[in-house]
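The sequence shown maps to residues 3 to 236 in my numbering. Positions of the beta carbon are idealized from the N, C-alpha and C atoms, including for glycine. Below is one structure, written out as structure tokens; comments come after it.
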Amino acid sequence: MNSFAEAVADIGEGSSIMVMTFIGPAGIPQNLIMALSDLGPKDLTIVACSNFGFGVGVRERPLARFVTPNILVENGQVKKALVTWDRGESGLASSFEKAVREKKVERELVPLGVLAHRLRAGGSGVGAFYSPIGVGTLYEQGKEKRVIDGREYLLEYPIRAQYGFVRAHRADTLGNLIYKNTARGFNPLIAKACDVTIAEVDEIVEPGGIDPNCVVTPGVYVDRILRIPQGGLR
């Protein structure tokens, strides 16, 4: 891939996309999000492991911009979002929160731990599983409930998407990825649960440039790799 625009060029109307949003700029694939914003496909379904990022789609930091999936909401590109919460920072409603209140975006809330397990299931070929999380709350409405060894559980189904945007620290040309500290987040789970995984990284090395014992996401799960250029969003 020669550019982020080329990497997302085949994402069409109505596509489903997973994107990491939980850690902050270090773990968010900002350049892929911006490229998707520029491309402009609509009616997207977005799976995110938080609320799309606080505040607005592009935030100004002292030394750089910080892009979140909220920019897709502001562009009117998002039809449905599966997230773990939808509130912005204290006193600052996010673009996503406003869109949900105005019924411009359909929202599905999923507990963070359940989302992690549903992504694992999607990446591992697990058909479904039972979880005790959410029993006795509004979350259980519409879900199959079963008692196992005297405890109530809810039936949960795997989540997959057509595309996954991943942010990693280093890749080799075979697609093997390593992450930097807590910026790993949900990125490895996303990489396994998508039909096409696109990774943006700080550097790309030749095979052997990454200790095999340090590989977190094997290259078999990665379809496209792009190095963030100087001046790119980090």
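In the DSSP annotation of this structure, Glu-76 is not part of any beta strand (DSSP E); the continuous alpha helix (DSSP H) holding it starts and ends at 72–76. Three or more Cβ pairs closer than 8 Å define a contact, and the stretch 151–168 meets that threshold against the stretch 6–25. Around the beta carbon of Lys-147, a 10 Å sphere encloses fewer than 16 other beta carbons of the protein chains shown; the residue is thus reported as exposed.
The continuous stretches of alpha helix (DSSP H) do not include Ala-185, and DSSP gives it neither H nor E. Judged by DSSP in its simplified three-state form, Asp-225 adopts coil rather than helix or strand.
Leu-179 is not a Cβ neighbour of Phe-6, given a cutoff of 8 Å. Here the alpha carbons of Gly-152 and Met-36 stand approximately 49 Å from one another. Closest in alpha carbon position to Thr-175, among Glu-15, Gly-138, Glu-208, is Glu-208.
Rounded to the nearest whole angstrom, the C-alpha separation of Phe-188 and Val-149 is 30 Å. Taking the Cα of Glu-99 as reference, the smallest distance to any Cα among Arg-120, Ala-118, Val-116, Val-75 is reached at Val-75.
A direct Cα-to-Cα measurement between Leu-117 and Lys-194 gives close to 14 Å. By DSSP's assignment, Ser-18 forms a beta bridge with Thr-47.
Shown here for Tyr-159: same chain residues with a beta carbon closer than 6 Å to its own, the five before and five after excluded, namely Ala-130 in chain order. For Ser-133, no alpha helix (DSSP H) segment is defined; the enclosing uninterrupted segment is the beta strand (DSSP E) at 131–133.
Per the coordinates, the alpha-carbon of Glu-154 lies some 15 Å from the alpha-carbon of Leu-140. DSSP places Glu-158 in the strand class (E or B) of the three-state scheme.
CA-to-CA, the gap between Leu-156 and Glu-108 works out to about 22 Å.
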